[in-house]
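Notes follow the structure.
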Amino acid sequence: MGNLVYTAISILIISIFAGIFGSLLGLGGGMIVIPALTLLMGVDIKYAITAGLISVISTSSGSAVVYVRDKITNIRVGMFLELATTIGALTGALVAGFLQPKILYILFALQLFYSAYSMIKKRNQELPEIRSIHPMAEKLKLRGEYYDKALNQTITYQASSVYGGFGLMYLAGMISALLGIGSGSFKVIAMDHLMNLPMKVSTATSNFMMGVTAAASAGIYLFRGQIDPKIAGPVAIGVVIGATIGTKLMQRMRSVTLRKIFIPVLLYVAVEMLLQGLGVK
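In the working numbering, the protein residues as written are 1303 to 1583.
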């Protein structure tokens, strides 16, 4: 009984940090939860993966209420890009038997390195640069505004490079299906770098989108009986607590700060993917 309580508390604490991190950067909590459970807690990888999905859903749920209420999440952009991710995931599932995963890992890593380089160049940019209005963005009304508490002003924005953002999200969905990885980093990159949305809007909308995707996957794992309540319970509670804290922190932080936190995370994921592709790990 004592060991069970200790394990639950440990998972809860880990999950709180995962929730804070996930809600700040729009990456979900799986990036922290899965390695922590497998390496530190000795949890079987299949249960760790399902716990990671629960953490993503919990991060999305915990932060979506605040971000949607404060109009930081752009639901129209999120649902538009979710369409690309879904189509990409279906394509990935269809071609999974014809492509070598190692090549995809390397291509994925190279794309992330380039994205990190692009973000480094924008590291001191607080708000997106003014670009011409994309005709498709105008037609789909992919625009919005929110009140930035850190800058104490209302920020208005309009999406650009709609086709590029849609294409990158299609690629993200395909890679996710082929490699069984999350695509939160691609979601943020597509919105921040290609579509020229504010960093806060990108991370908030990414959180919203990942919850939709993860919920569908979690249903399948639940049907298979691969979700352990003793693990998923503390994860869900901890991540919701962390996400609640993270949403408050994010709104008080400058976009420049968020970007500087995001860059090393991006580089870490890129290195991990490259090592997987080269067979080092």
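From the three backbone atoms N, C-alpha and C, an ideal C-beta is built for every residue, glycine too.
| query | result |
| --- | --- |
| With 16 as the cutoff for other CB atoms within 10 Å, does residue 1426 come out buried or exposed? | exposed |
| If you follow the alpha helix (DSSP H) that residue 1299 is part of, which residue opens it and which one closes it? | Beyond the ends of the chain as shown, which are 1303 and 1583, falls residue 1299; an answer cannot be given. |
| Helix, strand or coil for residue 1445, going by three-state DSSP, please let me know. | strand |
| Quick check on the burial criterion: 16 or more other C-beta atoms within 10 angstroms. Buried or exposed for residue 1376? | buried |
| Please give the ranges of any alpha helix (DSSP H) in the segment 1359-1424, keeping only runs that are unbroken, at least 4 residues long and fully inside the region. | 1377-1397 and 1403-1423 |
| Pull up the CB-CB distance for residue 1560 and residue 1501, whole angstroms please, since I reckon it's below 8 Å. | 5 Å |
| Going by CA-CA distance only, name the one from 1582, 1571, 1549 and 1557 that's closest to residue 1318. | 1549 |
| When every heavy atom of the ligand PLP is checked, does at least one fall within less than 8 Å of the C-beta of residue 1439? | Because no ligand of any kind appears in the structure shown, any question about the ligand PLP cannot be addressed here. |
| Which residues bound the beta strand (DSSP E) around residue 1458? | 1455-1460 |
| Assuming residue 1579 is part of the alpha helix (DSSP H), what are its boundary residues? | 1557-1580 |
| On the CB-based measure, 16 or more other CB atoms within 10 Å of its CB, does residue 1316 come out buried or exposed? | buried |
| Am I right that residue 1323 and residue 1311 are in contact with their C-beta atoms under 8 Å? What's the rounded C-beta distance? | The pair is not a contact, with the Cβ atoms about 19 Å apart (cut-off 8 Å). |
| What did DSSP end up calling residue 1450 once you bin it into helix, strand or coil? | strand |
| In this structure, how does DSSP classify residue 1508 when only helix, strand and coil are distinguished? | helix |
| Compute the distance between the beta-carbons of residue 1321 and residue 1563, then report whether it is under 9 Å. | no |
| For residue 1507, which residues in the same chain have their Cβ closer than 7 Å to its Cβ, ignoring the five residues on either side in sequence? | 1375, 1376, 1379, 1380 and 1493 |
| Following the continuous alpha helix (DSSP H) through residue 1490, name the residue where it begins and the one where it ends. | 1486-1491 |
| For residue 1326, which residues of its own chain have a beta-carbon under 8 Å away from its beta-carbon, when the five flanking residues on both sides are left out? | 1505, 1548, 1551, 1552, 1555, 1560 and 1563 |
| Taking all protein chains shown into account, decide if residue 1455 is buried (16 or more other Cβ within 10 angstroms of its Cβ) or exposed. | exposed |
| Tell me, please, whether the CB atom of residue 1426 is closer than 9 Å to any CB atom in chain D? | Looking for chain D here will not work: only one protein chain is present. |
| For residue 1345 and residue 1540, what's the separation of their Cα atoms in angstroms? | 17 Å |
| Hey, would you say residue 1503 sits closer than 9 Å to residue 1459, going by beta carbons? | yes |
| What does the alpha-carbon distance come out to for the pair residue 1387 and residue 1475? | 4 Å |
| Are residue 1418 and residue 1577 closer than 9 Å when you measure CB to CB? | no |
| For residue 1384, does the count of other Cβ atoms within 10 angstroms reach 16, so buried, or fall short, so exposed? | buried |
| Going by beta carbon distance, what residues of the same chain come within less than 8 Å of residue 1349, once the five residues before and after it are set aside? | 1339, 1528, 1529, 1530 and 1533 |
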